[in-house]
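**Student:** Once you know that position 67 of the sequence shown is 70 in our numbering, the rest is easy, because the numbers rise by one and skip nothing. Backbone N, C-alpha and C define an ideal beta-carbon position, used for all residues, glycine too. This is the structure, below, for whatever I ask next.
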Amino acid sequence: MVNFSLEGKVALVTGASYGIGFALATAFAEAGAKIAFNDIRQELVDKGIASYKEKGIDAKGYVCDVTKEDQVQELVAKIEKDLGPINILVNNAGIIKRIPMTEMKAEEFRQVIDVDLNAPFIVSKAVIPSMIKNGGGKIINICSMMSELGRETVSAYAAAKGGLKMLTRNIASEYGEYNIQCNGIGPGYIATPQTAPLRERQPDGSRHPFDSFIVAKTPAARWGTPEDLQGPAVFLASSASDFVNGHILYVDGGILAYIGKQPQ
4 MVNFSLEGKV ALVTGASYGI GFALATAFAE AGAKIAFNDI RQELVDKGIA SYKEKGIDAK
64 GYVCDVTKED QVQELVAKIE KDLGPINILV NNAGIIKRIP MTEMKAEEFR QVIDVDLNAP
124 FIVSKAVIPS MIKNGGGKII NICSMMSELG RETVSAYAAA KGGLKMLTRN IASEYGEYNI
184 QCNGIGPGYI ATPQTAPLRE RQPDGSRHPF DSFIVAKTPA ARWGTPEDLQ GPAVFLASSA
244 SDFVNGHILY VDGGILAYIG KQPQ
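Shown next, in the form of structure tokens:
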């Protein structure tokens, strides 16, 4: 019998007050895990706790800047005290700055790298010793299709996510012998409140140009939903994936497999 249960496990999902992180943490809770999450400000943490309560989930929220190593060490210690050792880590917290490369300041580039690549290194580094001590664990990095593709205005984001893909493979290589599986999820274009403006109908009733572009590039002919990511995440967090390591699972409706329609 394949075991997708997370009963008795403790999961830390970074930046999971809302959006994709919230959806993944909710799925983990439904599979039996205890949930811990962080955000950078108290009001975001409070909002997240309220959202989890609405779903009947008693999640523990903490204020923590995941780019700060001392804060992350404190966070991990608090979670271990409140819930127990962390069995599952999802490095979900991230930012994007859509700026043409030649107009982007080096400081802005560094900020994206700091949140999207350095922070997963810092948080993973903080939980791995306990995972080794406790006989194993699961690390899931949210890698994005931009770990495989380039696009205008996202040079920093693509560089960070490409680096995160390789960090994923290196954690698998370095710590696989300790029964630690580190894999990535690469979401396609997901319908969230943040992307809602790109899906609004135009005054004449037509699709937004970017909406039309994404639907045409996706064999599934639709945007993904946060729920589309829940099953893959539970799989990678559970013992069902104990021999899956260093893999990036692209949940993209087939975009990466598709060259696109021939122009008419």
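Only counting the same chain, and skipping five residues up and downstream in sequence, which positions put a Cβ closer than 8 Å to that of GLY263?
**Tutor:** Counting only Cβ-Cβ distances below 8 Å, and skipping sequence neighbours, we find ALA219 and LYS220.
**Student:** Helix, strand or coil for ASN182? Go by DSSP, reduced to three states.
**Tutor:** Coil at ASN182, not helix or strand.
**Student:** For the pair the region 147-166 and the region 97-117, tell me if three or more CB-CB distances fall below 8 Å.
**Tutor:** Yes, the region 147-166 touches the region 97-117.
**Student:** Report the rounded CA-to-CA distance for SER54 versus PRO222, giving the unit in angstroms.
**Tutor:** Going from the Cα of SER54 to the Cα of PRO222 covers about 33 Å.
**Student:** Out of curiosity, what's the CA-to-CA distance linking TYR324 and GLU106?
**Tutor:** Nothing can be reported for residue 324: it is not among the residues displayed for the chain, which extend from 4 to 267.
**Student:** Just tell me which of ARG101, LEU120 and MET104 has its CA closest to the CA of ASN94.
**Tutor:** Comparing Cα positions, the closest option is LEU120.
**Student:** Check each candidate in PHE7, GLY165 and ALA80 and name the one with the smallest Cα separation from VAL2.
**Tutor:** Since the first residue shown for the chain is 4 and the last is 267, residue 2 is missing from the structure and cannot be characterised.
**Student:** CA-CA distance, PRO200 and GLY165?
**Tutor:** Whole-angstrom Cα-Cα distance: 27 Å.
**Student:** Bridge partners of ASN94, per DSSP?
**Tutor:** Per DSSP, ASN144.
**Student:** Assign ALA224 to one of three DSSP states: helix, strand, or coil.
**Tutor:** Residue state, collapsed to three classes: coil.
**Student:** Work out the CA separation of PHE31 and ASN182 for me, nearest whole Å.
**Tutor:** Rounded to whole angstroms, ASN182 to PHE31 spans 20 Å at the Cα level.
**Student:** Taking the continuous beta strand (DSSP E) assigned at VAL66, which residues delimit it?
**Tutor:** Per DSSP, VAL66 belongs to the beta strand (DSSP E) from 63-66.
**Student:** Out of GLU77, LYS71, ILE89 and THR29, which one is the CA nearest neighbour of ALA122?
**Tutor:** Comparing Cα-Cα distances from ALA122 to each of GLU77, LYS71, ILE89 and THR29, the minimum goes to LYS71.
**Student:** Please report the straight-line C-alpha distance between ILE139 and GLN184, rounded to a whole angstrom.
**Tutor:** For the sequence presented, residue 139 should be read as Gly rather than Ile. Going by the C-alpha atoms only, they are around 8 Å apart.
**Student:** Can you tell me where the alpha helix (DSSP H) holding THR29 begins and where it ends?
**Tutor:** Its alpha helix (DSSP H) spans residues 22-33.
**Student:** LEU15 and ALA34: beta carbons closer than 8 Å?
**Tutor:** Their beta carbons are not under 8 Å apart, which means LEU15 does not touch ALA34 by this criterion.
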